[in-house]
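First up is the structure itself, then whatever we jot down about it.
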Amino acid sequence: MMKKIKNSGFRNWKPAKLPDLAGKTYLITGGNSGIGLDAAKMLAGAGADILIAARNPEKGERAAAAVAAEGAGSASHVLLDLADMASIRAAADDVSGRIEKLDGLINNAGIMQTPPRQTADGFELQFGTNHLGHFLLTGLLFGLVEKAQGRIVQVSSLAHAFGRIHFNDLMLSKRYDPSRAYAQSKLANLMFALELDRRLTKAGSAVTAYACHPGYSNTNLQSTGPTGGLKVLYAFTNAVMAQSSYSGAIPTVLCAAGDEALAGGYYGPTGFGGARGPVSDAPVSGAARNEAAGARLWSESEKLVGFSWDTVLTG
35 MMKKIKNSGF RNWKPAKLPD LAGKTYLITG GNSGIGLDAA KMLAGAGADI
85 LIAARNPEKG ERAAAAVAAE GAGSASHVLL DLADMASIRA AADDVSGRIE
135 KLDGLINNAG IMQTPPRQTA DGFELQFGTN HLGHFLLTGL LFGLVEKAQG
185 RIVQVSSLAH AFGRIHFNDL MLSKRYDPSR AYAQSKLANL MFALELDRRL
235 TKAGSAVTAY ACHPGYSNTN LQSTGPTGGL KVLYAFTNAV MAQSSYSGAI
285 PTVLCAAGDE ALAGGYYGPT GFGGARGPVS DAPVSGAARN EAAGARLWSE
335 SEKLVGFSWD TVLTG
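In terms of our numbering, the sequence shown opens at residue 35 and continues consecutively.
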């Protein structure tokens, strides 16, 4: 059953409500296009410094230049391929060498409904990129976020409601389906955010965790992953049904820097079944709220990426 987990007290949050972000630094994965780029521009417009994490240097540098033009702060590119743990570790080292603190880590990048493929480390591509890559990156950068008493944001999806974590076959090697894999990965994003919130609260950390979804937004996500009939379908629905990527980025910006966002909250559009409309508290599936499953996913993820969060949460 879908259920809202917070009552944040607002019905239609807008980026105009952002506070002055001068002197604050945000890293956004996949910030070179779509929702990530629009979110980066909004934050830059409020004065923030931005790190655009992307795997394509040319696109990343071009996006950084566009973001820098939006405000008085700086913007630069960080080379990051979430489908390669060596790249993730190198990116974390790069960021740690550039800045002393990180006010917000925005885990935005994602792929959708791809054919059966694997990451450099042998993980199913969607689960490995969307969830495991961000799980490791967040752990590696946690110390910088902690120094800023900052925020960690996971971008999930309406598709999380259709997801199930296949603990006996996380890589879906027995029966792969593009939509099944995508829904699992986006459910994992939301479960990670909620479990992280629980662990941060237990540890008494000043870091806070949030999750959001962009509704149905017109981005290249629908054109770069799906193939065949799905790609044809999205070409039509993007044109006639989707909201703009700017509108889809508003929940992300709220979570990253809005004073109104509550730690542990999940935010998104509230009209047309969550596809578009005013941004407020969004409903969460029963599967995402399952605390035992959240703890199990956390444990399995630590084993898969070879990183123990105990080293950062307990100091």
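A virtual CB, placed ideally from N, CA and C, is assigned to each residue, including glycine.
On the three-state DSSP scale, how would you describe Ala-99?
In this structure, Ala-99 counts as helix in the three-state DSSP scheme.
According to DSSP, which residues form a beta bridge with Glu-294?
Glu-294 pairs with nothing; no bridge assigned.
Assuming Asn-141 is part of the beta strand (DSSP E), what are its boundary residues?
It spans 138-141 - the beta strand (DSSP E) in which Asn-141 sits, taken as one unbroken run.
With a CB to CB cut of under 6 Å and the five nearest residues on each side skipped, what residues in its chain are close to Asp-83?
Around Asp-83, the same chain offers Thr-59, Gly-107, Ser-108 as residues with beta carbons nearer than 6 Å, after the five sequence neighbours per side are excluded.
Straight-line Cα distance separating Ile-133 from Ser-191
Ser-191 and Ile-133: Cα-Cα distance of roughly 30 Å.
Pairwise C-alpha distance: Leu-61 and Ala-74:
Roughly 9 Å separates the two Cα atoms.
With contact counted as at least three CB pairs below 8 Å, one residue from each stretch, are the segment 46-55 and the segment 277-295 in contact?
Pairwise C-beta distances place the segment 46-55 in contact with the segment 277-295, as three or more of them are shorter than 8 Å.
Just to confirm my understanding: we take Gly-299, look at its own chain, exclude 5 residues before and 5 after, and list those with CB closer than 8 Å. What are they?
A distance below 8 Å between beta-carbons, with the five flanking residues on each side excluded, links Gly-299 to the following residues of its chain, in chain order: Ile-39, Lys-40, Ser-42, Tyr-244, Ala-245, Cys-289, Asp-315.
Let's test the definition: count the other Cβ atoms within 10 Å of the Cβ of Met-36 and tell me whether it reaches 16, buried, or not, exposed.
Classified as exposed, Met-36 has fewer than 16 neighbouring CB atoms from the shown chains inside 10 Å of its CB.
Through-space distance from Ala-103 to Tyr-216, alpha-carbon basis
Taking the straight line from one Cα to the other gives about 34 Å.
Report the CB separation of Leu-175 from Val-129 in whole angstroms; it is logged as a contact under 8 Å.
Beta-carbon to beta-carbon, Leu-175 and Val-129 are separated by about 6 Å, close enough to satisfy the 8 Å threshold.
Taking Glu-325 as the reference, which of Glu-229, Val-339, Asp-127, Gln-277 has the closest Cα?
Comparing Cα positions, the closest option is Glu-229.
Just list the residues that DSSP pairs Leu-288 with in beta bridges.
Within the DSSP secondary-structure output, Leu-288 pairs in no beta bridge.
DSSP three-state label for Met-36, please.
Per DSSP, reduced to three states, the secondary structure at Met-36 is coil, with no helix or strand assignment.
Exposed or buried, which one is Lys-120 when buried takes at least 16 other CB atoms within 10 Å?
For the sequence presented, residue 120 should be read as Ala rather than Lys. In the assembly as shown, Ala-120 is an exposed residue. Its beta-carbon has fewer than 16 other beta-carbons within 10 Å.
With a 10 Å radius around its C-beta and 16 neighbouring C-beta atoms as the bar for buried, classify Glu-158 as buried or exposed.
Buried, since its Cβ has 16 or more Cβ neighbours within 10 Å.
For Arg-330, name the three-state secondary structure that DSSP assigns.
Assigned with DSSP and collapsed to three states, Arg-330 falls in helix.
Can you tell which of Gly-79, Ala-80, Leu-114, Gly-81 has the C-alpha that lies nearest to the C-alpha of Glu-92?
Residue Leu-114 is the option with its Cα nearest to Glu-92.
Report the residue from Ser-333, Gly-340, Ser-278 whose alpha carbon sits nearest the alpha carbon of Ile-122.
The closest CA to that of Ile-122, considering only Ser-333, Gly-340, Ser-278, is found on Gly-340.
Could you have a look at His-200 and say whether DSSP puts it in helix, strand or coil?
DSSP places His-200 outside both helix and strand once states are collapsed to three, so it counts as coil.
With a CB to CB cut of under 8 Å and the five nearest residues on each side skipped, what residues in its chain are close to His-165?
Closer than 8 Å at Cβ, skipping near neighbours: Ser-219, Ala-222, Asn-223, Phe-226, Ser-335.
Rounded to whole angstroms, what is the Cα-Cα separation between Arg-310 and Val-112?
Straight across, the Cα-Cα distance linking Arg-310 with Val-112 is about 31 Å.
Between Asn-141 and the rest of its own chain, which residues show a CB-CB distance below 8 Å, the 5 nearest in sequence each way excluded?
Taking Asn-141 as the centre and dropping the five residues before and after it, the same chain places the C-beta of Thr-63, His-168, Leu-171, Thr-172, Ile-186, Val-187, Gln-188, Val-189, Asn-223 closer than 8 Å to its C-beta, in chain order.
Please say whether Leu-234 and Gly-329 have beta carbons closer to each other than 9 Å?
As written in the sequence, residue 329 is Ala, which differs from the Gly given in the question. No, the pair does not count as a contact, with Cβ atoms beyond the cut-off.
Starting from Tyr-300, trace the beta strand (DSSP E) in both directions and tell me its first and last residue.
It spans 300-305 - the beta strand (DSSP E) in which Tyr-300 sits, taken as one unbroken run.
Pick helix, strand or coil for Glu-16, following the three-state DSSP scheme.
Look at the range of the chain in this structure, 35 to 349, and you will see that residue 16 is not part of it.
Using only alpha-carbon positions, find the residue among Ser-333, Ser-67, Ala-322 that is nearest to Gly-197.
Per the Cα distances, Ala-322.
With distances taken from CA atoms, which of Ala-56, Lys-181, His-247, Asp-211 is nearest Ser-239?
Per the Cα distances, Lys-181.
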